[in-house]
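These notes are about the structure you will find just below.
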Amino acid sequence: MNKHASDLKPEKIVGGVATDQRHESAHKHVSGTAVYIDDIPEPAGTLHGCLGLSTVAHGRIRAMDLSAVRAAPGVVAVLTAADVPGENDISPTGRHDEPILTDELVQFFGQPVFCVIAETRDQARRATLKAEMTYEELSFTVDIGALDPLNDKLVTPPLTLKRGEAGEAIRQSPHRIKGRMRVGGQDHFYLEGHIAMAIPGEDGDVAVHSSTQHPSEVQHMVSHALGVPSHAVTVEVRRMGGGFGGKETQSNLFAALAAIAARKLGRAVKIRPDRDDDMKATGKRHDFLISYEAGFDDDGAVQGVDFTFAARCGYSSDLSGPVTDRALFHCDNTYFWPAVRAQSAPLYTNTVSNTAFRGFGGPQGMVGAERVIEEVAFALGKDPLEIRKRNFYSTTTRNVTPYHQTVEDNIIERLVSELEADAEYWRRRRTIQAFNANSRVVKRGLALTPVKFGISFTATHYNQAGALVHVYTDGSVHLNHGGTEMGQGLYLKVAQVVAEEFQIDLSNVKVTATSTGKVPNTSATAASSGSDLNGMAAQNAAQQIKARLVDFAAEKFSVPADQVVFLPNRVRVGNQEFTFADFVRQAYMARVQLSAAGFYKTPKIHWDRDKGQGRPFYYFAYGAACSEVSIDTLTGEYVVERVDVLHDAGRSLNRAIDLGQIEGGFVQGMGWLTTEELWWDERGRLRTHAPSTYKIPLASDRPKIFNVKLAEWPENAEPSIHRSKAVGEPPFPLAISVLHALSDAVASVADHRIFPDLDAPATPERVLMAVERLKRKAKSLA
Amino acid sequence: MPAIRQHLRFILNGEDVSLSDVAPDATLLDFLRIKRSLKGTKEGCAEGDCGACTVLVGRLGRDGLVYESVNACIRFVGSLDATHVVTVEHLRGANGALHPVQQAMVDCHGSQCGFCTPGFVMSLYALWMRHARPSLAAIEEALQGNLCRCTGYEAIIRAAQAIASYGEAGNDPLVVERAAITERLRVWRDGARIDCGGRLIVPASVDDLAAIFAENPKATLVAGSTDVGLWVTKYMRPIEPAVFIGALDEMKRVETHDGVLRIGAGVTYSDARKILGEKIPELGKLIARIGGEQVRNMGTLGGNIANGSPIGDMPPPLIALDARVLLRKGSERRELPLEDFFLAYGKQDRQPGEFVEAIHVPLPAPGTRLAVHKVTKRRDEDITATLGAFAFRLDTENRVAAIRIACGGMAGTPKRALGVEQALLGQRWCEDAVLAAMERYADDFTPLSDMRASAEYRMLAARNLLMRVYLESVSGKAPVTIARDVAA
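The listed protein sequences derive, respectively, from chains A and B. Residue numbers for the first sequence, in full-length UniProt numbering: 1 to 782. Residue numbers for the second sequence, in full-length UniProt numbering: 1 to 488.
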């Protein structure tokens, strides 16, 4: 070390906001020392659980013979619905439609019926196979294709958004289109599957380690299931191996069962389903059938739109209400619909209850909007980008959404024009036309699609957060907040906020495991809100402590408060300077409270669902992507040749982390729209329940050229945490550009005269079938 | 009879392990996590697809001690005798410093949730030991068996490209200690049969295997365990007594006699790829699309044939090449055309106690063209929807003088397209003839619909592959297939 250097007073702290920091656990990730729940040393005598799943899609249990299960080696207990001491329900919205273990009625293939608890996980798994079940099978519905969105059974009340008279506007338009599109679901495929470990305590208390994005909800569900007050249950999670929405409500099942067994048996119980059970028994992204009708003028300006978003929700409501609502909230994407009606149909099916997944219905809504744009462009023989731009929201007029919120922060025009230039859209458009004209088998396609994503929970009360900050007398800081870490870098970003606030190096701030015992009544780490909410709450806590420190110093040193200044790793009081540690030690000696609970609630937002009006979103995040693909018209196989992204994260808290969110979100979105296909057989059994059959993108599927940029200039128009923007979900729908590029390539086989009508996921099979369809139609037209 | 040893021994990171009481279906992953509390290696799928459990296994092979990435989740402990198992815990230096692979991943932001990360680190470690500065294509190939759901891979690729700037493989402990480890493993290969309670047997030689299997025809033969591993982890099927044959040197030989390639049944895909890739490049390219690197390091050609799957990828091209399979029972051997080995779905012409010892592949005669096309939902590490293998020869008048076409995924077994062949044989090799022959697929095959593809798609794609083969043979300037031709 250079001695002089260490004496220099730093001009900036290490690791403040708006600096690129590596993930706080990166060094542990790479060396295998980051502790996930299955890595926590088990208490002596820990038992292991395995779910017994139903083997019919719909039916009544007539007989359940578990004697062989109970007699199997190592089995300690077999839980059924009768063993639930409290409420046998884990419906997150209180609709009482989701039993932990079903007692009589089976509503999907793979529904949990019993749970084996054994000395080892292997014994529990083996014993489960010995159950003898007899069902009276009932007729079932897996697909929503044949259902009537208006009259068939729904799992939760639908929503209609309405502005102007869409029907009338469509009728009076010079041109009209009408169509229907299928958008598939998606499994989360977090690499760490679900897991919970419950440890019984005194007074009937239980501590639960749960891989969950929503510890408070797990706490409530466990307490209801046990019939004990919330104070008897503590839920903790240090990190998850991925969540993506799949651990927002779906962790409840495993936590509740582990807790029930732990209480009953007085021993620690761990439940870690294998990948297959995890994929069969937990919910996924909703698939949708989007019906649309639109009227437009000669220039492609849409006059009126009517959408129906019918969703496969599965057998219970779970989060299907807010998910289908959010689909409607995004049926405009970046477009002003002068007259619009959009209704949802959250349909009941005999499938696992679908749930949150990054974007939460929003991407499906945008797929609908982009589909309308694409078909309008085809109808007029114009480039889709031209139609997109023609319909963009304006800034002072044409700026009201279908839910009557005024878009106040619109930057889409500038983003798209910058990307259009960077990606050389028009030059490449011409190159591709020339290529396709001379290539018989391989065809190329190009598309540039925009994104506008609304930030806030649409359930307004969720938009609050708490944090707990302790400053110790050595100047080190313990930080805790209600958000959970699933890889997105939340712990790091919030720590950066606190380091910035105290002006101390990031290494002095330790973020500790999320626990319901430290910060209560938290919201799910979801809706991209993690750093917006928890960052503000942590900042608030730090500011409370700072205010006390300033008061103390002003009084002790008899200086005005504005002469107490927090400089990098030190504090200046009048003419004196102290190290931060020295300063807080003095404050401690003067009996200043060095701990604070911070709180934040998002201002301005409100939403009246009955009226379909309000301001559900605090602000919007924007982005745009331009994708180029090649398809093989003999097999439908394709390659993503190049992707350019320009994304808005406001004034980014950490560009390195945000870039990772954008790249990762894009590839995950691409998987959703391309190779990830959920497939049920004739018995209503999901057959794609492991990576051998369910294909998420590999390294060799990512775009061959992948240029991702954060826009340098935007800042959040609202005073969010350091004017940054949420970045978890908004990049995901950038991948819609890949779907449209594929469609564009398909269209080239009929000279762009016939609409490809390409559904998602656009597997090689769907691409080839679309190519064949277009070739046939072109031939019949010729 | 050979000497019998009742325990197996291997090196785990820096420590010798000797085990006598080991279940035949004990997986390496459970051994590491449960028995040894080495929690850095993760379970993501328990079927060898996600790579979260990737570890290295060093074995003495043709080229001395080689370290290969494998899936610990489907690798049985019983297969580890005289190997060096290296887990992520072994990478950090004595002073706690991160390994170059780890440091590159940290600095390039290659981890987000971190759960897949140890597996990626191990795959990249194996790659870095082979190639200090790998091409992009080599990196993508080395990572075909590792799934990441967070990063979109871009940051991991950047890390892979940066490793060389953090350190040279020459200084790596595994390289520095190579001679010492080699010597220890060599001594351990004592030529004994391993027999743990009659439930877990490692034969001393192929003759020993033949004797053991003839005596215990109900035993499960385990070579690479990329299939048998799933019987255990997914279906919990009993496999004992299990006979581990993956380490038999004689089964790993590849020889050429009189224009016939004799490939031992125990040759792994990775080894086959190097050898076959030189002699028959089309097969090398196909093997690069079977499983991920870890599966290719474990799975064997013999296993791919013996398990009789209708979607195994090696049988169709081998049938197109008129390969023969060598079966052995006790001291008796018989040979039959590979296409005759597959009788019906799940049924092969193999007697109890009989095993596949080798495959005989006639090297294509000069002038013979071979084309193999595999169609999948996802390009890499995916199971075939349909696969077409075409071996044909044109005469001087551009007529089809000889042709053999075999398909995968189109029937209950790998199967020849006899009607299509007939339609083409003797015909002029032109588009009209190809179009006419494409109609004959419907006579030869009635494919099924399942989660991988519909019957309609399988039929359409299979037919179109013939057109692809034709267009490639007359190729002009425009490409006939898409390629992921990432910069080398």
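Ideal Cβ positions, reconstructed from N, Cα and C, are used throughout, including at glycine. All values reported here derive from a predicted model rather than from experimental measurement.
The three-state secondary structure of residue 292 of chain A, taken from DSSP, is strand.
Residue 310 of chain A is bridged by DSSP to A/289 and A/345.
Around the beta carbon of residue 48 of chain A, a 10 Å sphere encloses 16 or more other beta carbons of the protein chains shown; the residue is thus reported as buried. Cβ atoms of residue 481 of chain A and residue 521 of chain A stay farther apart than 8 Å, at about 13 Å. By the 16-neighbour rule on beta-carbons within 10 angstroms, residue 263 of chain B is buried.
Taking residue 648 of chain A as the centre and dropping the five residues before and after it, the same chain places the C-beta of 411, 415, 621, 622, 623, 711, 714 and 725 closer than 7 Å to its C-beta, in chain order. Runs of the beta strand (DSSP E) spanning 3 or more residues and lying entirely within the region 44-115 of chain A occur at 47-53, 59-65 and 75-79, in chain order.
Not flagged as an interface residue toward chain A: residue 58 of chain B, since no C-beta distance is shorter than 8 Å. For residue 439 of chain A, there is no enclosing beta strand (DSSP E), as DSSP gives it neither H nor E. Residue contact with chain A for residue 379 of chain B: present (Cβ-Cβ distance below 8 Å to some residue of chain A). Note that the region 448-467 of chain A does not touch the region 428-440 of chain A; fewer than 3 beta-carbon pairs, one per stretch, sit closer than 8 Å. Sixteen is the threshold: when 16 or more other Cβ atoms of the shown chains lie within 10 Å of the Cβ of residue 203 of chain B, as they do, the residue is buried. Taking C-beta separations shorter than 7 Å and ignoring five residues to either side along the sequence, the partners of residue 272 of chain B in its chain run 263, 287 and 301, following chain order. Residues of the region 137-154 of chain B with a C-beta less than 7 Å from any C-beta of chain A: 140, 143, 144, 147, 149, 150, 151, 152, 153 and 154, listed in chain order.
Residues of the region 22-55 of chain A that bring their beta carbon within less than 8 Å of a beta carbon in chain B comprise 22, 23, 25, 26, 27, 28, 29, 30, 31, 32, 33, 34, 35, 36, 38, 39 and 41, in sequence order. For residue 601 of chain A, the uninterrupted beta strand (DSSP E) run begins and ends at 595-601, by DSSP. A contact between stretches requires three or more CB pairs, one per stretch, nearer than 8 Å, and the region 131-144 of chain B meets this requirement with the region 160-174 of chain B.
Looking only at B/144, B/339 and B/465, the smallest Cα-Cα distance to residue 324 of chain B is reached by B/339. Between the region 55-68 of chain A and the region 212-220 of chain A, the count of C-beta pairs closer than 8 Å stays below three; the two stretches do not touch. Runs of the alpha helix (DSSP H) lying entirely within the region 527-564 of chain A, each at least 4 residues long, are 530-556 in chain order. Residues of the region 80-95 of chain B with a Cβ closer than 9 Å to any Cβ of chain A, in chain order: 87, 88, 89, 91 and 92. Put simply, the region 254-273 of chain A does not touch the region 354-367 of chain A. Fewer than three CB pairs are less than 8 Å apart. With respect to the C-alpha of residue 89 of chain B, the residue from B/119, B/19 and B/62 having the closest C-alpha is B/119. A contact is defined here as three or more CB-CB pairs under 8 Å, and the region 275-295 of chain A meets this definition with respect to the region 44-53 of chain B. For the set A/225, A/435 and A/572, the Cα lying nearest the Cα of residue 264 of chain A is the one of A/225. The Cβ of residue 100 of chain A sits no closer than 8 Å to any Cβ of chain B.
One finds nothing in chain A with a Cβ atom closer than 9 Å to the Cβ of residue 131 of chain B; even the nearest lies about 16 Å away. Between the alpha carbons of residue 406 of chain B and residue 458 of chain B lies a distance of about 14 Å.
Across the structure, residue 425 of chain A and residue 447 of chain A are spaced so that their CA atoms are roughly 8 Å apart. Per the Cβ contact rule, the region 422-438 of chain B is not in contact with the region 339-354 of chain B (fewer than 3 Cβ pairs under 8 Å). Membership of residue 178 of chain A in the beta strand (DSSP E) is indicated by the continuous run 175-183. In this structure residue 180 of chain B is exposed. Its beta-carbon is surrounded by fewer than 16 other beta-carbon atoms within 10 angstroms.
Using a Cβ-Cβ cut-off of 8 Å, residue 410 of chain B does not count as an interface residue toward chain A, since no Cβ of chain A sits closer than that to its own.
Just measuring C-alpha positions, the residue of B/27, B/30 and B/206 sitting nearest residue 358 of chain B is B/206. DSSP assignment within the region 174-248 of chain B yields the following whole alpha helix (DSSP H) runs of 4 residues or more, N-terminal first: 178-188, 206-215 and 228-233.
Sequence-distant Cβ neighbours of residue 470 of chain A in its own chain, meaning closer than 6 Å and more than five residues away, are 478 and 595.
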